[in-house]
Amino acid sequence: MVSYILRRILSTLPVMAIVALFVFSLLYIAPGDPAVVIAGDQASPADVERIRQSLGLDRPFLVQFGTWVWHILHGDLGTSIFTSLPVSALIAQRIEPTLSLMVITLILTILIAVPLGVVAAWKAGSWVDRTIMGFAVFGFSVPVFVVGYVLAYVFALELEWLPVQGYTPLAQGFWPWLQNLILPAVALGCVYIALIARITRASMLEVLQQDYIRTARAKGLGQRSILFIHALKNAAVPIVTVIGIGVALLIGGAVVTESVFAIPGLGRLTIDAILRRDYPVIQGIVLLFSFTYVLVNLMVDVTYTLVDPRIRY
Amino acid sequence: MDRRTLLKGLAGVSSLAATGGVSMPALSQGAAARTLRFVPQANLANFDPVWGTQYVVRNAAAMVWDTLYGIDATLQPQRQMVASEELSDDGLVWTFRLRPGLKFHDGEPVLSKDVVASLTRWSARDPMGLMIKAIQNELTAVDDKTFKWSLKQPYPKMLFALGKNNTPCAFIMPERIAQTDPFKQITEYVGSGPMKFAKSEWVPGAKAVFEKFADYVPRQEKASWLAGGKQILIDRVEWIVIPDPATAAAALQNGEVDWWENPITDLVPVLKKNRNISVDIADPLGNIGVFRMNHLHPPFNDVKARRAILTALSQEDYMRALVGDDTSLWKPLPGFFTPDTPLYTEEGGEILKGKRDIAAAKKLLAESGYSGQPVSCIVAQDQPITKAQGDVTADLLKHLDMNVDFVATDWGTVGSRRAQKTPPGQGGWQMFHTWHAGADCVNPAAYAGIRGNGDKAWWGWPTSPTVEKEVTAWFDAKNLDEEKAAVGRLNKAALEDVIYAPTGFFLSYTAWRKNISGIVKGPLPFFWDVSKSA
């Protein structure tokens with residue numbers, strides 16, 4: 044197992060290299076010029092050219108790419124064109140809010156979606172099943188920002204229970220931290236809850252048809268024990284897979300959610316960097332996201348061995 | 005279960021989970037009353053007011069750095085860091101003396117050498133600074149408090165240049181910082197203004213914090229825009245960047261922020277209904293909508309095609325698309341200069357007045373040789389002002405039977421594409437839209453968009469010797485009457501040559517909670533004299 048994990052981690056290196064080349068090339072050919080944004084609307088073309096030269100943006104593609112890779116290999120993600128701050132420092136400033144949002148969303152999702160999926164499968168075809176699946180369709184269909192605005196209106200503006208925007212670091216207390224994350228996590232989690240509830244239902248329906256479940260019932264085991272101990276564990280592999288895939292959904296959703304709720308996380312940093320063509324920041328974030336995704340896939344693979352002892356690497 | 009019980013219950017749970025119990029909000033009630041939470045127009049992505057010339061940078065910099073002179077609400081430069089100035093009889097040597105008590109945030113006194121270094125850096129980037137530099141003999145420190153700027157020819161607009169609020173402003177920095185290459189960003193933010201920048205709390209794109217500078221000595225005069233006594237009545241200003249307007253509106257209604265610089269027009273009715281919120285015009289100098297044509301390529305390289313646009317263009321259509329049906333927010337603008345300012349003129353503006361004449365415009369187009377070739381209009385969809393103008397233009401051009409290639413893109417792409425001089429088929433362009441802050445259009449000093457100096461002109465590169473002659477005449481004018489005459493002729497020439505098509509003059513709102521007082525209308529948010537009650 045250890046050697047498998049090591050091999051998988053090593054295999055991320057070529058993946059990261061391809062991602063790096065792809066991202067760099069894409070940004071190079073994309074229209075837009077950070078020098079123009081920096082120079083401002085009143086700047087002369089000569090000013091823009093001077094700024095472009097000072098940023099090294101006038102150099103050939105291969106020279107720029109080589110310099111960037113060289114810095115990466117030395118652990119330096121570069122410096123933001125706009126803030127003059129190291130990209131690593133900008134990412135470090137923003138990682139806690141995004142991580143917090145994703146963790147809370149993940150916990151909320153699993154706590155809600157898995158039981159909903161199990162109950163829907165158990166009551167398949169009944170009004171309970173149809174209601175839950177109706178909610179799932181709703182969760183799929185309504186965009187994150189719409190859910191976000193509705194939640195903010197009801198729970199922040201009308202009921203005044205929770206704040207509309209912002210983020211409080213965990214170091215300033217658990218409740219202040221949590222209260223800023225509840226609405227964004229619910230908004231972000233909607234699609235994810237819908238997806239996992241449906242997958243759980245489908246997977247459970249298949250397992251509940253198995254002979255050993257019939258045997259368990261015949262032996263007089265309680266419904267809760269059958270559903271959550273015997274059936275759910277055997278239905279877990281596809282659910283774990285979808286939870287892993289869903290991390291990509293969360294990363295994408297976080298970009299929108301952080302903008303709607305003004306959370307100073309990596310999602311907003313990404314949008315700001317793209318709109319201003321802050322190439323080093325975009326490259327740094329995309330590398331980080333792709334690395335995270337590769338790691339999550341690895342964790343999913345490792346989790347398979349825990350839920351299904353037949354799987355061995 | 006009611007809300008209080010629920011919150012108490014959650015607080016109880018959290019106290020078990022968090023070591024040391026539940027932390028209270030970071031600010032006590034008293035501290036909250038001394039902290040102003042402000043939502044700026046944009047993200048403060050960098051903080052060098054010479055390197056980055058965006059308005060948001062200028063607005064933040066005005067708290068941290070002071071200027072030698074400051075423009076007041078009558079658009080006149082007043083002494084700010086300067087105690088006195090003297091001009092030699094031949095008009096060639098300006099001698100300035102700094103007022104006593106000026107200190108940088110690091111405790112060092114402001115000296116002439118700091119001013120010399122700061123003006124040297126500024127004059128490498130600012131249009132007026134470049135003009136002064138071109139006629140400069142020397143800029144030197146005479147002693148710690150006196151400095152001298154000697155010129156080869158008189159420059160009557162010197163005090164305006166040193167105090168103007170157009171970017172980049174002539175902010176004074178310590179010599180060691182001001183010696184930074186003007187095309188590279190400074191990394192230390194030490195000024196002598198009324199507030200200090202808390203760099204450690206800066207999260208670019210999210211938050212910037214400014215703290216009251218206890219050693220700042222304000223002038224005795226009453227504050228007026230960038231001039232006068234800048235009294236800071238709060239301890240701390242927090243800039244909270246909220247990119248989504250609906251969220252910003254909700255945060256203001258919920259009391260999470262105190263002042264929102266630029267609410268969008270659509271949300272203003274909601275804010276006006278809230279009894280805890282005041283809404284008013286932000287800046288009486290407003291903005292001017294701009295429809296820019298490329299003078300290098302057909303069809304707009306022919307003045308008849310450009311005049312065809314002015315003949316058919318309805319400013320009302322543009323303004324209604326921009327600000328809706330609130331007629332108090334816009335007015336037609338048969339010229340290029342900001343309404344209700346001393347140099348405002350409508351000379352030569354007949355082409356933009358009266359009923360729009362589509363037939364005459366079509367005739368002019370035909371005379372220019374246009375016969376249905378595609379014309380590219382690059383429109384930034386992420387900027388409501390450019391998008392609205394682009395949509396109206398597309399409709400206008402269709403009425404003129406023009407073949408419009410509507411390129412919907414983002415502002416970053418417009419920014420780089422408009423810099424291309426190549427023909428439209430090879431990455432160039434024929435039209436784009438933007439807007440100018442009215443504060444930049446009160447005179448020709450910092451008004452790059454009005455210039456007609458060909459290759460060196462603003463995007464579109466118009467060539468108009470007449471316009472250039474009148475710009476020079478304004479710079480050389482000895483009094484207001486001469487300035488008015490020059491600007492009148494300039495306006496007429498710019499309309500005849502169609503430097504660009506003005507789409508109208510429009511205003512925007514600002515909104516704040518009613519426990520905030522002292523907010524004044526102006527081209528930027530001024531934080532002096534602003535106070536907050538609990």
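Protein sequence lines correspond, in order, to chains A and B. Letter 252 of the first sequence, counting from 1, is numbered 295 in our numbering, and no numbers are missing. Letter 252 of the second sequence, counting from 1, is numbered 256 in our numbering, and no numbers are missing. Glycine included, every Cβ here is placed at the ideal spot set by N, Cα and C. Quantities reported herein were computed from a predicted structural model and do not represent experimental measurements.
Counted within 10 angstroms of its Cβ, other Cβ atoms place residue i as buried (16 or more) or exposed
i: PRO29/B; result: Model confidence at PRO29/B stands at a pLDDT of 42, short of 50, so the residue's coordinates are unreliable; what they give is reported in the following sentence. The residue in question, PRO29/B, is exposed, as its Cβ has fewer than 16 Cβ neighbours within 10 Å.
i: THR78/B; result: exposed
i: PRO281/A; result: exposed
i: GLU301/A; result: buried
i: THR438/B; result: buried
i: ASN223/A; result: buried
i: ARG279/B; result: exposed
i: ARG455/B; result: buried
i: LYS188/B; result: exposed
i: ILE317/A; result: buried
i: ALA89/A; result: exposed
i: ARG319/A; result: buried
i: SER68/A; result: exposed
i: GLN430/B; result: exposed
i: GLY118/A; result: exposed
i: TRP113/A; result: exposed
i: LYS262/A; result: exposed
Chain B contact residues for residue i, given Cβ-Cβ distances below 9 Å
i: PHE332/A; result: What PHE332/A touches in chain B: nothing, since even the nearest Cβ is about 17 Å away.
i: PRO206/A; result: ALA255, ASN258, GLU260
i: ASP119/A; result: Those do not exist, as ASP119/A stays about 17 Å from chain B at its closest Cβ, beyond 9 Å.
i: LEU200/A; result: ALA254, GLN257, ASN258
i: ARG355/A; result: The premise fails here: ARG355/A is roughly 38 Å from chain B at the closest Cβ pair, so nothing lies under 9 Å.
i: SER46/A; result: Under the 9 Å cutoff, chain B gives no residues; its nearest Cβ is about 38 Å from SER46/A.
Member of the options whose CA lies at the smallest distance from the CA of residue i
i: GLU474/B; options: TRP462/B, ASN457/B, GLY464/B, TRP463/B; result: ASN457/B
i: ARG493/B; options: LEU300/B, PRO81/B, GLU351/B; result: GLU351/B
i: ALA46/B; options: SER127/B, GLN80/B, LYS425/B, ASN63/B; result: ASN63/B
i: TRP433/B; options: TRP415/B, VAL411/B, ASP386/B; result: VAL411/B
i: LEU226/A; options: THR335/A, ALA63/A, GLY308/A, ILE147/A; result: ILE147/A
i: PHE295/B; options: ASP93/B, THR413/B, LYS488/B, GLY508/B; result: GLY508/B
i: GLY75/A; options: PRO448/B, ALA515/B, THR417/B, ASP459/B; result: THR417/B
i: GLU89/B; options: GLY353/B, THR150/B, PRO529/B; result: THR150/B
i: SER282/B; options: ASN291/B, GLY293/B, ILE292/B, ASN266/B; result: ASN266/B
i: THR55/A; options: THR346/A, ARG353/A, TYR336/A; result: TYR336/A
i: LEU539/B; options: ASN170/B, THR470/B, GLN393/B, VAL120/B; result: Residue 539/B is absent from the model: chain B starts at 5 and stops at 538.
i: ILE238/B; options: THR397/B, ALA35/B, LYS367/B, LEU96/B; result: ALA35/B
i: GLY293/B; options: TRP263/B, PRO249/B, PRO388/B; result: PRO388/B
Chain A contact residues for residue i, given Cβ-Cβ distances below 9 Å
i: PRO208/B; result: SER123, PHE125, THR126, LEU128, LEU133, GLN136, LEU312, ASP315
Listed by chain order, chain B residues near residue i by CB distance under 7 Å
i: VAL79/A; result: GLY419, SER420, ALA423
i: TYR192/A; result: ALA250
i: SER302/A; result: PRO247, ASP248
i: ARG320/A; result: GLY416
Where residue i sits in the DSSP three-state scheme
i: GLU265/B; result: coil
i: GLN140/B; result: strand
i: TYR513/B; result: strand
i: ARG51/A; result: helix
i: VAL26/B; result: Unreliable placement is indicated for VAL26/B, whose pLDDT of 35 sits below 50; the coordinate value is still reported in the next sentence. Three-state result, VAL26/B: coil.
i: PHE530/B; result: coil
i: LYS3/B; result: No information on residue 3/B is available, as it lies outside the stretch 5 to 538 that chain B covers here.
i: PHE151/B; result: strand
i: PHE100/B; result: strand
i: PRO57/A; result: helix
i: ARG360/B; result: coil
i: GLU225/B; result: coil
i: CYS381/B; result: strand
Proximal residues of chain A, C-beta to C-beta of residue i below 7 Å
i: ILE246/B; result: GLN208, ALA305
Where residue i meets chain B, residues with beta-carbon distance less than 8 Å
i: PRO74/A; result: THR413, GLY416, THR417, SER420, ARG421
i: ARG102/A; result: Neighbours of ARG102/A on chain B: none; closest Cβ ~16 Å, over 8 Å.
Any non-hydrogen atom of the ligand NAD closer than 7 Å to residue i Cβ
i: SER537/B; result: Ligands displayed in this structure: none; no statement on the ligand NAD is therefore possible.
Three or more beta-carbon pairs under 8 Å between the stretch 151-170 of chain A and the stretch 205-218 of chain A, yes or no? no
Kindly confirm or deny that the stretch 336-343 of chain B and the stretch 494-514 of chain B touch, where touching means at least three C-beta pairs closer than 8 Å. yes
Kindly confirm or deny that the stretch 176-188 of chain A and the stretch 247-261 of chain A touch, where touching means at least three C-beta pairs closer than 8 Å. no
Within the chosen definition, does the stretch 278-293 of chain A reach the stretch 231-244 of chain A through at least 3 CB pairs nearer than 8 Å? yes
Taking 8 Å as the threshold, find out whether the stretch 340-350 of chain B comes into contact with the stretch 366-383 of chain B through three or more Cβ pairs. no
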